[in-house]
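Under the UniProt record's numbering, the letters of the sequence shown match residues 1 to 467, in that order.
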Amino acid sequence: MCICLISSRCPHKPLSLFIVTMSEKKRKVHAFVRVKPTANFPQDMIKYGPDNKSIDIYIRRDVKKGVVNNKQTDWSFKLDGVLHNVSQDSVYDAVARDVVSQALDGYNGTIMCYGQTGAGKTYTMTGATENYKHRGIIPRAIQQVFRAAEKRIDQSITVRISYLEIYNETLFDLLSTMPHSMLGDTQMAVVEYPHGVFVKGLSVHPASHEEDALNLLFEGETNRIIGEHTLNKNSSRSHCIFTIYIESRSRILSDAIYIASKINLVDLAGSERLGKTGSEGQVLKEATYINKSLSFLEQAIIALADRKRDHVPFRQSKLTHALKDSLGGNCNTVLVANIYGEAAQIEETLSSLRFATRMRWVTTEPAINEKYDPERMVKSLEKEIFLLKQELTMRDCLANRSPVTYDPLNENQIAEINSQVHRYLEGAIDEIDVSSCLTDRGLYNLCNALNLAGFQPLSARGKEISL
(Lines of atoms letter the chains of each structure in order from A and count residues from 1; the text may use other names and numbers.)
(Lines give C-alpha, C1' and ligand atoms only; values in the text may rest on other atoms or scores of the structure.)
Protein backbone atom coordinates (compact mmCIF):
# COMPACT_ATOMS: atom_id res chain seq x y z
CA MET A 1 0.00 0.00 0.00
CA CYS A 2 1.45 3.37 -1.03
CA ILE A 3 0.44 6.81 0.13
CA CYS A 4 1.63 9.87 -1.78
CA LEU A 5 1.87 12.88 0.55
CA ILE A 6 0.47 16.10 -0.88
CA SER A 7 0.78 19.20 1.30
CA SER A 8 -2.47 21.16 1.37
CA ARG A 9 -4.13 23.51 3.81
CA CYS A 10 -7.87 23.81 4.34
CA PRO A 11 -9.08 27.33 5.08
CA HIS A 12 -10.46 27.57 8.56
CA LYS A 13 -13.83 29.24 8.91
CA PRO A 14 -14.32 30.95 12.28
CA LEU A 15 -17.32 29.85 14.28
CA SER A 16 -18.89 33.27 14.62
CA LEU A 17 -21.77 35.34 13.35
CA PHE A 18 -22.57 35.01 9.67
CA ILE A 19 -25.26 36.69 7.64
CA VAL A 20 -27.72 35.40 5.07
CA THR A 21 -28.88 38.28 2.91
CA MET A 22 -32.66 38.65 2.57
CA SER A 23 -32.46 40.00 -0.96
CA GLU A 24 -29.86 41.41 -3.29
CA LYS A 25 -31.71 44.72 -3.41
CA LYS A 26 -31.09 47.37 -0.81
CA ARG A 27 -34.01 48.81 1.08
CA LYS A 28 -34.65 52.47 1.74
CA VAL A 29 -35.32 53.81 5.20
CA HIS A 30 -39.03 54.47 5.69
CA ALA A 31 -40.02 57.91 6.99
CA PHE A 32 -43.39 58.93 8.43
CA VAL A 33 -44.56 62.26 9.81
CA ARG A 34 -46.88 62.53 12.79
CA VAL A 35 -48.64 65.84 13.41
CA LYS A 36 -49.38 66.83 17.00
CA PRO A 37 -53.11 67.59 17.36
CA THR A 38 -53.93 71.24 17.96
CA ALA A 39 -56.96 73.52 17.88
CA ASN A 40 -54.93 76.08 15.90
CA PHE A 41 -54.09 73.95 12.89
CA PRO A 42 -53.17 76.28 9.95
CA GLN A 43 -55.06 74.67 7.07
CA ASP A 44 -53.84 77.36 4.67
CA MET A 45 -50.17 76.63 5.51
CA ILE A 46 -50.06 72.84 5.90
CA LYS A 47 -51.78 70.61 3.36
CA TYR A 48 -51.67 66.84 2.93
CA GLY A 49 -51.66 64.92 -0.33
CA PRO A 50 -54.71 62.83 -1.25
CA ASP A 51 -52.74 59.61 -0.70
CA ASN A 52 -51.48 60.75 2.75
CA LYS A 53 -47.92 60.30 1.51
CA SER A 54 -46.98 63.93 0.93
CA ILE A 55 -47.19 67.19 2.80
CA ASP A 56 -47.05 70.73 1.38
CA ILE A 57 -46.03 73.82 3.35
CA TYR A 58 -47.05 77.35 2.31
CA ILE A 59 -45.81 80.52 4.01
CA ARG A 60 -47.70 83.74 3.32
CA ARG A 61 -45.68 86.78 2.29
CA ASP A 62 -45.87 89.75 4.63
CA VAL A 63 -46.77 92.58 2.24
CA LYS A 64 -46.95 95.09 5.09
CA LYS A 65 -43.16 95.16 5.34
CA GLY A 66 -42.99 96.74 1.89
CA VAL A 67 -39.69 95.11 0.92
CA VAL A 68 -38.81 92.65 -1.81
CA ASN A 69 -38.69 89.12 -0.39
CA ASN A 70 -37.28 86.45 -2.69
CA LYS A 71 -37.23 83.69 -0.08
CA GLN A 72 -38.92 80.41 -0.89
CA THR A 73 -42.50 80.31 0.35
CA ASP A 74 -43.69 76.81 -0.53
CA TRP A 75 -42.27 73.32 -0.09
CA SER A 76 -43.42 69.81 -0.93
CA PHE A 77 -42.21 66.70 0.92
CA LYS A 78 -42.82 63.08 -0.08
CA LEU A 79 -42.96 60.53 2.73
CA ASP A 80 -44.10 56.98 3.40
CA GLY A 81 -47.12 58.20 5.33
CA VAL A 82 -48.66 61.20 7.05
CA LEU A 83 -50.14 60.35 10.46
CA HIS A 84 -52.63 63.09 11.32
CA ASN A 85 -55.31 62.70 13.98
CA VAL A 86 -54.66 58.95 14.25
CA SER A 87 -54.67 56.69 17.30
CA GLN A 88 -51.62 55.11 18.93
CA ASP A 89 -52.82 51.77 17.59
CA SER A 90 -52.87 53.09 14.01
CA VAL A 91 -49.40 54.57 14.43
CA TYR A 92 -48.04 51.22 15.61
CA ASP A 93 -49.63 49.34 12.71
CA ALA A 94 -48.17 51.76 10.17
CA VAL A 95 -44.73 52.17 11.67
CA ALA A 96 -43.67 49.27 13.87
CA ARG A 97 -45.66 46.06 13.40
CA ASP A 98 -43.75 44.83 10.33
CA VAL A 99 -40.39 45.74 11.86
CA VAL A 100 -41.14 43.67 14.98
CA SER A 101 -42.48 40.75 12.91
CA GLN A 102 -39.29 40.63 10.86
CA ALA A 103 -37.17 40.90 14.01
CA LEU A 104 -38.79 37.67 15.19
CA ASP A 105 -37.55 36.11 11.94
CA GLY A 106 -33.97 37.27 12.52
CA TYR A 107 -33.81 40.78 11.01
CA ASN A 108 -32.54 43.71 13.07
CA GLY A 109 -34.93 46.64 13.35
CA THR A 110 -34.77 50.29 14.40
CA ILE A 111 -37.54 52.84 14.96
CA MET A 112 -36.60 56.45 15.71
CA CYS A 113 -38.66 59.46 16.74
CA TYR A 114 -37.24 62.83 15.69
CA GLY A 115 -38.57 66.35 16.07
CA GLN A 116 -38.59 69.56 18.06
CA THR A 117 -39.14 69.73 21.80
CA GLY A 118 -42.73 69.00 22.80
CA ALA A 119 -43.81 67.63 19.40
CA GLY A 120 -44.83 64.23 20.80
CA LYS A 121 -41.77 62.00 20.38
CA THR A 122 -41.89 60.41 23.84
CA TYR A 123 -45.67 60.07 23.63
CA THR A 124 -45.27 58.24 20.31
CA MET A 125 -42.47 56.01 21.57
CA THR A 126 -43.53 55.31 25.18
CA GLY A 127 -47.07 56.65 25.41
CA ALA A 128 -49.12 57.68 28.40
CA THR A 129 -48.74 55.30 31.33
CA GLU A 130 -52.06 56.30 32.92
CA ASN A 131 -54.12 55.02 29.97
CA TYR A 132 -53.70 51.57 28.43
CA LYS A 133 -55.14 52.69 25.08
CA HIS A 134 -52.55 55.45 24.85
CA ARG A 135 -49.49 53.23 25.32
CA GLY A 136 -46.76 53.83 22.77
CA ILE A 137 -44.57 51.85 20.39
CA ILE A 138 -42.28 50.30 23.03
CA PRO A 139 -44.95 48.60 25.21
CA ARG A 140 -46.82 47.48 22.09
CA ALA A 141 -43.64 46.00 20.61
CA ILE A 142 -43.02 44.13 23.86
CA GLN A 143 -46.54 42.73 23.74
CA GLN A 144 -46.17 41.65 20.10
CA VAL A 145 -42.86 39.89 20.79
CA PHE A 146 -44.16 37.82 23.72
CA ARG A 147 -47.47 36.95 22.06
CA ALA A 148 -45.61 35.74 18.98
CA ALA A 149 -43.23 33.74 21.18
CA GLU A 150 -46.18 31.94 22.78
CA LYS A 151 -47.51 30.91 19.37
CA ARG A 152 -44.18 29.61 18.05
CA ILE A 153 -44.24 26.32 19.93
CA ASP A 154 -41.50 24.83 17.73
CA GLN A 155 -39.05 27.54 18.82
CA SER A 156 -37.45 28.48 22.11
CA ILE A 157 -37.34 32.29 22.20
CA THR A 158 -35.26 34.22 24.71
CA VAL A 159 -35.83 37.96 25.27
CA ARG A 160 -33.43 40.39 26.93
CA ILE A 161 -33.67 44.14 27.52
CA SER A 162 -31.26 47.08 27.76
CA TYR A 163 -31.93 50.81 28.13
CA LEU A 164 -29.26 53.38 27.20
CA GLU A 165 -29.33 57.12 27.82
CA ILE A 166 -27.03 59.67 26.16
CA TYR A 167 -27.04 62.89 28.16
CA ASN A 168 -24.61 65.71 27.33
CA GLU A 169 -22.43 63.25 25.35
CA THR A 170 -22.21 60.94 28.36
CA LEU A 171 -23.49 57.35 28.35
CA PHE A 172 -25.74 56.15 31.18
CA ASP A 173 -27.32 52.77 31.88
CA LEU A 174 -30.94 53.40 32.87
CA LEU A 175 -31.26 49.86 34.26
CA SER A 176 -28.10 49.93 36.36
CA THR A 177 -28.31 49.50 40.11
CA MET A 178 -25.71 52.25 40.53
CA PRO A 179 -26.85 55.89 40.81
CA HIS A 180 -26.50 58.19 37.81
CA SER A 181 -23.78 60.26 39.45
CA MET A 182 -21.44 57.25 39.66
CA LEU A 183 -21.75 56.25 36.02
CA GLY A 184 -20.00 57.79 33.05
CA ASP A 185 -17.66 57.39 30.12
CA THR A 186 -15.03 55.68 32.28
CA GLN A 187 -17.31 52.65 32.58
CA MET A 188 -19.24 52.72 29.32
CA ALA A 189 -18.12 53.11 25.72
CA VAL A 190 -19.35 52.36 22.21
CA VAL A 191 -17.22 49.52 20.83
CA GLU A 192 -17.04 48.29 17.24
CA TYR A 193 -16.71 44.67 16.24
CA PRO A 194 -16.63 43.12 12.74
CA HIS A 195 -20.32 42.29 13.02
CA GLY A 196 -21.61 45.50 14.57
CA VAL A 197 -21.38 47.91 17.48
CA PHE A 198 -22.33 47.50 21.11
CA VAL A 199 -22.02 49.55 24.28
CA LYS A 200 -19.40 48.18 26.65
CA GLY A 201 -20.64 48.24 30.23
CA LEU A 202 -24.34 48.37 29.33
CA SER A 203 -26.33 45.85 31.37
CA VAL A 204 -28.66 43.44 29.56
CA HIS A 205 -31.54 41.93 31.55
CA PRO A 206 -33.51 38.74 30.79
CA ALA A 207 -37.29 39.05 30.49
CA SER A 208 -39.27 35.81 30.71
CA HIS A 209 -42.69 37.43 30.42
CA GLU A 210 -44.27 40.59 29.05
CA GLU A 211 -44.66 41.91 32.59
CA ASP A 212 -40.90 41.57 33.22
CA ALA A 213 -40.06 43.63 30.13
CA LEU A 214 -42.63 46.31 31.01
CA ASN A 215 -41.23 46.59 34.53
CA LEU A 216 -37.77 47.16 33.05
CA LEU A 217 -39.22 49.85 30.77
CA PHE A 218 -40.91 51.64 33.68
CA GLU A 219 -37.76 51.36 35.79
CA GLY A 220 -35.72 52.98 33.03
CA GLU A 221 -38.32 55.71 32.52
CA THR A 222 -38.09 56.73 36.17
CA ASN A 223 -34.31 57.14 35.78
CA ARG A 224 -34.50 59.33 32.66
CA ILE A 225 -33.34 62.92 32.88
CA ILE A 226 -36.19 65.36 32.24
CA GLY A 227 -36.51 69.09 32.69
CA GLU A 228 -39.03 71.89 32.44
CA HIS A 229 -39.07 73.69 29.11
CA THR A 230 -41.08 76.52 27.60
CA LEU A 231 -42.57 74.06 25.09
CA ASN A 232 -42.90 71.09 27.45
CA LYS A 233 -42.92 71.01 31.25
CA ASN A 234 -41.68 67.38 31.21
CA SER A 235 -39.16 67.62 28.39
CA SER A 236 -36.76 64.71 27.77
CA ARG A 237 -33.26 66.18 27.91
CA SER A 238 -31.43 63.14 26.56
CA HIS A 239 -31.43 60.59 23.76
CA CYS A 240 -32.65 57.14 24.84
CA ILE A 241 -32.31 53.76 23.13
CA PHE A 242 -34.51 50.91 24.42
CA THR A 243 -33.28 47.63 22.90
CA ILE A 244 -35.09 44.30 22.74
CA TYR A 245 -32.73 41.37 22.05
CA ILE A 246 -34.35 38.23 20.62
CA GLU A 247 -32.73 34.79 20.36
CA SER A 248 -34.65 31.97 18.69
CA ARG A 249 -33.60 28.31 18.82
CA SER A 250 -35.36 25.38 17.22
CA ARG A 251 -36.97 22.86 19.57
CA ILE A 252 -37.07 20.28 16.77
CA LEU A 253 -33.65 20.53 15.12
CA SER A 254 -30.55 19.89 17.19
CA ASP A 255 -28.17 21.92 15.02
CA ALA A 256 -25.90 24.57 16.50
CA ILE A 257 -27.35 27.47 14.51
CA TYR A 258 -29.74 29.93 16.11
CA ILE A 259 -31.19 33.32 15.15
CA ALA A 260 -30.27 36.47 17.07
CA SER A 261 -31.78 39.89 16.32
CA LYS A 262 -32.43 43.17 18.10
CA ILE A 263 -34.93 46.02 17.94
CA ASN A 264 -33.64 49.51 18.75
CA LEU A 265 -36.43 51.87 19.81
CA VAL A 266 -34.94 55.37 19.85
CA ASP A 267 -36.45 58.43 21.49
CA LEU A 268 -34.29 61.35 20.38
CA ALA A 269 -34.12 64.53 22.43
CA GLY A 270 -35.92 67.50 20.93
CA SER A 271 -34.21 69.97 18.63
CA GLU A 272 -34.85 73.63 19.28
CA ARG A 273 -33.89 77.15 18.23
CA LEU A 274 -32.09 78.69 21.20
CA GLY A 275 -32.93 82.28 20.33
CA LYS A 276 -36.60 81.43 20.01
CA THR A 277 -37.00 79.43 23.21
CA GLY A 278 -34.91 81.72 25.40
CA SER A 279 -33.27 78.82 27.23
CA GLU A 280 -30.83 79.70 30.01
CA GLY A 281 -28.48 77.99 32.45
CA GLN A 282 -28.58 74.19 32.55
CA VAL A 283 -31.39 74.03 29.97
CA LEU A 284 -29.23 76.05 27.56
CA LYS A 285 -26.27 73.73 28.13
CA GLU A 286 -28.45 70.66 27.51
CA ALA A 287 -29.94 72.21 24.38
CA THR A 288 -26.46 72.96 23.02
CA TYR A 289 -25.40 69.31 23.42
CA ILE A 290 -28.69 68.09 21.94
CA ASN A 291 -28.49 70.34 18.89
CA LYS A 292 -24.85 69.41 18.35
CA SER A 293 -25.51 65.66 18.40
CA LEU A 294 -28.56 66.03 16.15
CA SER A 295 -26.46 68.09 13.75
CA PHE A 296 -23.87 65.29 13.63
CA LEU A 297 -26.70 62.82 13.05
CA GLU A 298 -27.88 64.86 10.08
CA GLN A 299 -24.33 65.03 8.71
CA ALA A 300 -24.09 61.25 8.91
CA ILE A 301 -27.42 60.93 7.10
CA ILE A 302 -26.26 63.25 4.30
CA ALA A 303 -23.01 61.27 3.95
CA LEU A 304 -24.88 57.95 3.82
CA ALA A 305 -27.20 59.26 1.12
CA ASP A 306 -24.24 60.37 -1.03
CA ARG A 307 -23.04 57.29 -2.87
CA LYS A 308 -19.79 59.03 -3.81
CA ARG A 309 -18.79 59.44 -0.16
CA ASP A 310 -16.43 56.75 1.12
CA HIS A 311 -16.34 57.97 4.71
CA VAL A 312 -19.33 58.46 6.99
CA PRO A 313 -18.59 60.45 10.19
CA PHE A 314 -20.21 58.07 12.68
CA ARG A 315 -17.63 58.75 15.40
CA GLN A 316 -18.37 62.48 15.68
CA SER A 317 -20.85 61.83 18.48
CA LYS A 318 -21.84 58.97 20.73
CA LEU A 319 -25.36 59.02 19.29
CA THR A 320 -24.28 58.42 15.69
CA HIS A 321 -21.70 55.86 16.80
CA ALA A 322 -24.28 53.90 18.81
CA LEU A 323 -26.72 54.02 15.88
CA LYS A 324 -24.17 53.01 13.22
CA ASP A 325 -25.82 49.62 12.61
CA SER A 326 -29.26 51.21 12.47
CA LEU A 327 -28.31 53.84 9.92
CA GLY A 328 -26.11 51.98 7.47
CA GLY A 329 -26.13 48.34 8.47
CA ASN A 330 -28.23 45.21 7.95
CA CYS A 331 -31.32 46.67 9.56
CA ASN A 332 -34.95 47.58 8.85
CA THR A 333 -35.06 51.26 9.83
CA VAL A 334 -38.10 53.51 10.22
CA LEU A 335 -38.19 57.19 11.20
CA VAL A 336 -41.13 59.06 12.69
CA ALA A 337 -40.80 62.85 12.36
CA ASN A 338 -42.98 64.52 15.01
CA ILE A 339 -44.09 68.06 14.15
CA TYR A 340 -46.29 70.79 15.62
CA GLY A 341 -49.34 71.63 13.57
CA GLU A 342 -49.13 75.34 14.37
CA ALA A 343 -48.05 78.39 12.36
CA ALA A 344 -45.73 79.62 15.11
CA GLN A 345 -43.62 76.45 14.80
CA ILE A 346 -43.47 76.32 10.99
CA GLU A 347 -39.67 76.79 10.80
CA GLU A 348 -39.06 73.83 13.11
CA THR A 349 -41.62 71.83 11.13
CA LEU A 350 -39.70 72.51 7.91
CA SER A 351 -36.46 71.42 9.57
CA SER A 352 -38.00 68.12 10.74
CA LEU A 353 -39.52 67.43 7.32
CA ARG A 354 -36.18 68.07 5.60
CA PHE A 355 -34.53 65.57 7.94
CA ALA A 356 -37.24 62.99 7.24
CA THR A 357 -36.84 63.28 3.46
CA ARG A 358 -33.06 62.95 3.79
CA MET A 359 -33.55 59.77 5.80
CA ARG A 360 -35.50 58.31 2.88
CA TRP A 361 -32.37 58.62 0.74
CA VAL A 362 -30.48 56.24 3.04
CA THR A 363 -30.45 52.56 2.11
CA THR A 364 -29.85 49.55 4.32
CA GLU A 365 -29.40 45.84 3.60
CA PRO A 366 -31.71 43.87 5.91
CA ALA A 367 -30.35 40.41 6.57
CA ILE A 368 -31.04 37.43 8.80
CA ASN A 369 -28.54 37.18 11.66
CA GLU A 370 -27.53 33.62 12.45
CA LYS A 371 -25.07 32.49 15.10
CA TYR A 372 -23.40 29.27 16.16
CA ASP A 373 -24.13 27.92 19.62
CA PRO A 374 -20.73 26.60 20.87
CA GLU A 375 -22.23 24.13 23.36
CA ARG A 376 -24.58 22.61 20.81
CA MET A 377 -21.77 22.49 18.26
CA VAL A 378 -19.50 20.55 20.63
CA LYS A 379 -22.27 18.06 21.38
CA SER A 380 -23.04 17.69 17.68
CA LEU A 381 -19.38 17.08 16.80
CA GLU A 382 -18.96 14.57 19.64
CA LYS A 383 -21.99 12.66 18.37
CA GLU A 384 -20.63 12.74 14.82
CA ILE A 385 -17.24 11.41 15.97
CA PHE A 386 -18.92 8.56 17.86
CA LEU A 387 -20.97 7.56 14.80
CA LEU A 388 -17.93 7.73 12.50
CA LYS A 389 -15.95 5.49 14.83
CA GLN A 390 -18.80 2.97 14.77
CA GLU A 391 -18.87 3.11 10.97
CA LEU A 392 -15.11 2.51 10.71
CA THR A 393 -15.32 -0.46 13.09
CA MET A 394 -18.14 -1.94 11.01
CA ARG A 395 -16.13 -1.53 7.79
CA ASP A 396 -13.14 -3.30 9.34
CA CYS A 397 -15.37 -6.21 10.33
CA LEU A 398 -16.94 -6.49 6.87
CA ALA A 399 -13.49 -6.44 5.22
CA ASN A 400 -12.18 -9.12 7.62
CA ARG A 401 -9.42 -6.75 8.72
CA SER A 402 -7.81 -6.92 12.10
CA PRO A 403 -9.16 -4.31 14.46
CA VAL A 404 -7.54 -0.89 14.06
CA THR A 405 -7.38 1.42 17.02
CA TYR A 406 -8.45 5.02 16.57
CA ASP A 407 -7.17 6.15 19.92
CA PRO A 408 -4.46 8.84 20.15
CA LEU A 409 -0.83 7.72 19.76
CA ASN A 410 1.35 7.37 22.81
CA GLU A 411 4.58 9.32 23.29
CA ASN A 412 6.81 6.47 22.08
CA GLN A 413 4.88 6.11 18.81
CA ILE A 414 5.01 9.87 18.17
CA ALA A 415 8.76 9.93 18.88
CA GLU A 416 9.32 6.99 16.48
CA ILE A 417 7.41 8.76 13.68
CA ASN A 418 9.37 12.00 14.17
CA SER A 419 12.67 10.11 14.21
CA GLN A 420 11.91 8.29 10.95
CA VAL A 421 10.81 11.53 9.26
CA HIS A 422 14.08 13.31 10.13
CA ARG A 423 16.19 10.30 9.05
CA TYR A 424 14.26 10.13 5.77
CA LEU A 425 14.79 13.83 5.06
CA GLU A 426 18.51 13.49 5.81
CA GLY A 427 18.74 10.56 3.36
CA ALA A 428 19.59 7.95 5.99
CA ILE A 429 16.64 5.75 4.99
CA ASP A 430 14.71 5.36 1.76
CA GLU A 431 11.32 4.49 3.22
CA ILE A 432 9.30 5.36 6.29
CA ASP A 433 7.81 2.33 8.00
CA VAL A 434 4.66 3.26 9.90
CA SER A 435 3.09 -0.18 10.03
CA SER A 436 3.40 -0.15 13.82
CA CYS A 437 1.36 3.05 13.94
CA LEU A 438 -1.30 2.11 11.42
CA THR A 439 -4.06 4.40 12.65
CA ASP A 440 -5.76 7.42 11.18
CA ARG A 441 -4.19 9.52 13.95
CA GLY A 442 -0.76 8.07 13.15
CA LEU A 443 -1.03 8.93 9.47
CA TYR A 444 -2.21 12.44 10.36
CA ASN A 445 0.80 12.93 12.67
CA LEU A 446 3.11 11.70 9.93
CA CYS A 447 1.66 14.12 7.38
CA ASN A 448 1.89 16.96 9.88
CA ALA A 449 5.53 16.16 10.69
CA LEU A 450 6.44 16.17 7.00
CA ASN A 451 4.61 19.46 6.45
CA LEU A 452 6.46 21.09 9.36
CA ALA A 453 9.74 19.84 7.94
CA GLY A 454 8.98 21.46 4.59
CA PHE A 455 8.53 18.15 2.73
CA GLN A 456 7.49 18.40 -0.94
CA PRO A 457 7.29 14.82 -2.15
CA LEU A 458 7.03 15.22 -5.90
CA SER A 459 9.36 18.17 -6.36
CA ALA A 460 12.06 17.28 -3.79
CA ARG A 461 12.88 13.57 -3.61
CA GLY A 462 10.04 12.01 -5.52
CA LYS A 463 9.78 9.15 -3.06
CA GLU A 464 6.78 7.34 -1.63
CA ILE A 465 6.10 6.01 1.80
CA SER A 466 5.62 2.27 2.07
CA LEU A 467 3.48 0.62 4.66
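Idealized CB from N, CA, C, for every residue including glycine. Being a predicted model, the structure only gives us computed values, none of them experimental.
Asked	Found
Our contact map puts Tyr163 next to Leu171 with C-beta atoms below 8 Å; I'd like the distance itself, whole angstroms only.	Tyr163 to Leu171, Cβ: 12 Å. No contact.
Decide if His229 is buried, meaning its Cβ has at least 16 other Cβ atoms within 10 Å, or exposed.	Its pLDDT being 48, under 50, His229 is placed unreliably by the model, and the measurement read from it follows with that caveat. With 16 or more other Cβ atoms within 10 Å, it is buried.
Quick one: what's got a C-beta closer than 8 Å to Ser351's C-beta in the same chain, skipping five residues either side?	Gln116, Ser271
If you drop the 5 nearest sequence neighbours on each side, which residues of the same chain put their C-beta closer than 7 Å to that of Ile138?	Met125, Thr126, Leu217, Phe242, Leu265
Return the residue from the list Arg358, Ala399, Ala428, Arg354 that minimises the CA-CA distance to Asp56.	Arg354
Can you look up Val82 in the DSSP assignment and give me helix, strand or coil?	strand
Does the beta-carbon of Asn330 have 16 or more other beta-carbons within 10 angstroms, so that it is buried, or is it exposed?	buried
Could you please give me the residues that DSSP links to Phe77 through a beta bridge?	Ile55
Relative to the alpha-carbon of Lys285, which residue among Ser238, Pro366, Val99 has its alpha-carbon at the smallest distance?	Ser238
Please report the residue range of the alpha helix (DSSP H) in which His321 lies.	318 to 322
What are the complete beta strand (DSSP E) segments, minimum 3 residues, inside the region 106 to 166?	108 to 115
To the nearest angstrom, how far is the alpha carbon of Asn418 from that of Asn412?	10 Å
Is it buried or exposed for Gly427, if we count other Cβ within 10 angstroms and need 16 for buried?	exposed
How big is the Cα-Cα spacing for Ala303 and Gly109?	21 Å
Checking 7 Å against the spacing of the C-beta atoms, do Pro206 and Arg160 come in under that value?	yes
For Glu219, which residues of its own chain have a beta-carbon under 7 Å away from its beta-carbon, when the five flanking residues on both sides are left out?	Leu175
Taking DSSP as the reference, what is the three-state secondary structure of Ala305?	helix
So, using beta-carbon positions, are Thr384 and Ile257 closer together than 7 Å?	Position check: residue 384 holds Glu in this sequence, whereas Thr was assumed. Against a cut-off of 7 Å, the Cβ pair of Ile257 and Glu384 comes out as no contact.
Can you give me the C-alpha to C-alpha distance between Thr177 and Glu211, rounded to a whole angstrom?	20 Å
Residues bridged to Leu216 by DSSP?	Note: Leu216 sits in no beta bridge, so no partner.
Quick check on Lys36: buried or exposed, where buried means 16 or more other Cβ atoms within 10 Å of its Cβ?	buried
Could you name the residues of the same chain whose beta carbon sits closer than 8 Å to that of Asp154, not counting the 5 residues immediately before and after it, in chain order?	Ser250, Arg251, Ile252
Quick check on DSSP: helix, strand or coil for Arg315?	helix
Tell me the DSSP secondary structure of Asp255 in three-state form.	coil
Here's a check: name, in chain order, each residue in its chain whose Cβ is nearer than 8 Å to the Cβ of Lys53, leaving out the five neighbours to either side.	Lys78, Leu79, Asp80, Gly81, Val82
Ser326 and Gly106: beta carbons closer than 7 Å?	no
CB-CB under 7 Å to Lys318, same chain, minus the five flanking residues each way: which ones, in chain order?	Ile166, Glu169, Leu171, Val190
Leaving out five residues before and five after Val197 in sequence, what residues of the same chain have Cβ atoms less than 8 Å from its Cβ?	Val190, Val191, His321, Ala322, Lys324, Asp325
Taking the straight line between their C-alpha atoms, what separation do you get for Asp433 and Leu398?	26 Å
Drop a sphere of 10 angstroms on the beta-carbon of Thr349, count the other beta-carbons inside from all chains shown, and report buried for 16 or more, exposed for fewer.	buried
Quick check: the Cα distance between Tyr58 and Ile346, rounded to an integer number of angstroms?	9 Å
Taking 7 Å as the cut-off, decide whether the C-beta atoms of Phe41 and Gly341 are in contact.	yes
Count the other CB atoms, across all protein chains shown, that sit within 10 Å of the CB of Arg131; report buried if there are 16 or more and exposed otherwise.	In the sequence as presented, Arg is not what sits at residue 131; that position holds Asn. That one is exposed.
Look at the alpha carbon of Arg152 and the alpha carbon of Leu104, and state the distance between them as a whole number of angstroms.	10 Å
Give me the residue from Met188, Leu268, Ala305 with the minimum Cα distance to Thr122.	Leu268
Output yes or no for whether 7 Å exceeds the beta carbon distance between Val334 and Ile111.	yes
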